[in-house]
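Residue numbers (the working numbering): 1 to 503. First the structure, in the form of structure tokens, and then the observations on it.
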């Protein structure tokens, strides 16, 4: 059985047990009230039956007072009391025979009571009616008419109560026996309910508590096992974290050493390269005299180009390291993006013309100025433009867009219709020195630092960069600057270059 099925089974058994106990408790409550009500009814019944003896004696007593009355007043008082006593005894007799739910008198007629009441010769019903008949006869006599030898008087005084007493006592005993029997049956039923409740509790202990205890014990053991495993995992994580922190410290120390090395070596690297570039350029231009042949001119040109490329690579590495170490200091001014774009276009104009690429710009009207480091913004734009031109085929299109964002920021975007990249290639391109594919590396020489450096330079300005690329369709790079970088001054619009389309 699965764990879920076991839990459901326990739940069903628990609900069933609770329902059984609730039913038994309710039945016991109802039975107790029924017993109390029945005891009250039977007590009332026995009280009424037992009161018949007293009523018979009262009737005989009032009849005697009528016979011995000294005047009519005493006679009428006794006569009225006799009438009330007769009516009371008559009503009580009818209640005992027929019962009255409103009066709390149940109708009880057992075989013994039938014999006592309705025997043809000595039945209590006949005797009571005969006794009451004589009492009514005495009641009918007026003052002066009643005599001591009147038959009804003689019967009431000498025979009536003595004849009724044993019969009424037998009736009371029969009522008491019936009451004890009925209450006994109800009590036996209540005892059965008590036994059923004990059995229900035993069943709960056997079929609910024990499985639940076993389940809880198993769960506790499982939790302890998992807790121990969790402790071991936490210890492993703590050890791994300690090792990672040590590795992080070593990496940070190595990175600081690298940054310090690059910073210290920048002068040593740039000085000879500048000399090589300068002297090769002077020799190529004939400053120190004409060259002997075209082969020398070609070699000097290669020396100059290689030196310039190496210097550019060193500058990119130094800038990227400084940006990552947050040691790149910005010289912020209120710059004119229109002018920066125009100047950057001139820097790539040669490659654009050689590949017959359409280079355009979509610049929002009333473009405000921008608070930033102009040299770094130009470097961002130049890196993005150089990549776009480099990876766009002949006759393609490269577009620079500048627009205001809804939140008040400013977007600088470069889009091309070049070869594009898939997700895997894009991940490589975003890494340092990332070269996407062997064919691309051979056809498009580069350092692999252009895009990462542009992103780092944008980060130093608080900008976010988004690269969107599709294989065979082109690439778009969005650089979104925060509102704090937007100047309230509107930038002057410069005359665009021939290849610059301003919208």
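Even for Gly, the Cβ is constructed at its ideal location relative to N, Cα and C.
Within the region 51–121, the alpha helix (DSSP H) runs of at least 4 residues that lie entirely inside it are, in chain order, 72–98, 111–118. Taking every protein chain shown into account, the CB of residue 171 has 16 or more other CB atoms within 10 angstroms, so this residue is buried. Around the beta carbon of residue 399, 16 or more other beta carbons sit within 10 angstroms, so the residue counts as buried. For residue 158, the enclosing alpha helix (DSSP H) begins and ends at 151–158. In the displayed model, residue 219 falls within a helix according to three-state DSSP. The alpha-carbon separation between residue 402 and residue 387 amounts to approximately 18 Å. By the Cβ neighbour-count rule, residue 93 is buried, with 16 or more other Cβ atoms within 10 Å of its own. Shown here, residue 416 sits in a strand according to DSSP, grouped into three states.
For the pair of segments examined, the region 77–89 was found not to touch the region 106–116: the number of CB pairs separated by less than 8 Å stays below three.
Per the DSSP secondary-structure output, residue 404 pairs in a beta bridge with 410. In the DSSP assignment, residue 399 is bridged to 360, 415. With a cutoff of 7 Å on beta-carbon distance, residue 75 and residue 143 are scored as near each other. For residue 465, the uninterrupted beta strand (DSSP E) run begins and ends at 464–470, by DSSP. Here residue 160 is buried. Its C-beta has 16 or more other C-beta atoms within 10 Å.
If you look at residue 293, you'll find it isn't in any beta strand (DSSP E); DSSP assigns it neither H nor E.
With contacts defined by Cβ atoms closer than 7 Å, residue 416 and residue 392 form a contacting pair. As the crow flies, the alpha-carbon of residue 145 is around 29 Å from that of residue 125. The beta carbons of residue 333 and residue 382 sit no closer together than 7 Å. In the displayed model, residue 342 falls within a helix according to three-state DSSP. For residue 145, the three-state secondary structure derived from DSSP is coil. Scanning its chain for C-beta atoms nearer than 6 Å, with the 5 sequence neighbours on each side dropped, one finds around residue 175 the residues 45, 46, 49, in chain order.
Residue state for residue 421 is assigned as coil, using DSSP reduced to three classes. For the 7 Å CB-CB criterion, residue 69 and residue 157 do not form a contact.
Here DSSP, grouped into helix, strand and coil, assigns residue 172 to helix. In chain order, 163, 164, 167 place their CB closer than 8 Å to the CB of residue 127, counting only its own chain and leaving out the 5 sequence neighbours on each side. Leaving aside the five residues that flank residue 297 on each side, the residues in its chain whose CB is nearer than 8 Å to its CB run, in chain order, 284, 291.
Per the coordinates, the alpha-carbon of residue 226 lies some 22 Å from the alpha-carbon of residue 5. One Cα belongs to residue 461, the other to residue 420, and the distance between them is close to 27 Å. Annotated three-state conformation of residue 336 is coil, per DSSP.
Taking the CA atoms as reference points, residue 351 sits about 8 Å from residue 390.
By the neighbour-count criterion, in which 16 or more other beta carbons inside 10 Å mark a residue as buried, residue 118 falls on the exposed side. The DSSP-derived three-state label of residue 282 is helix.
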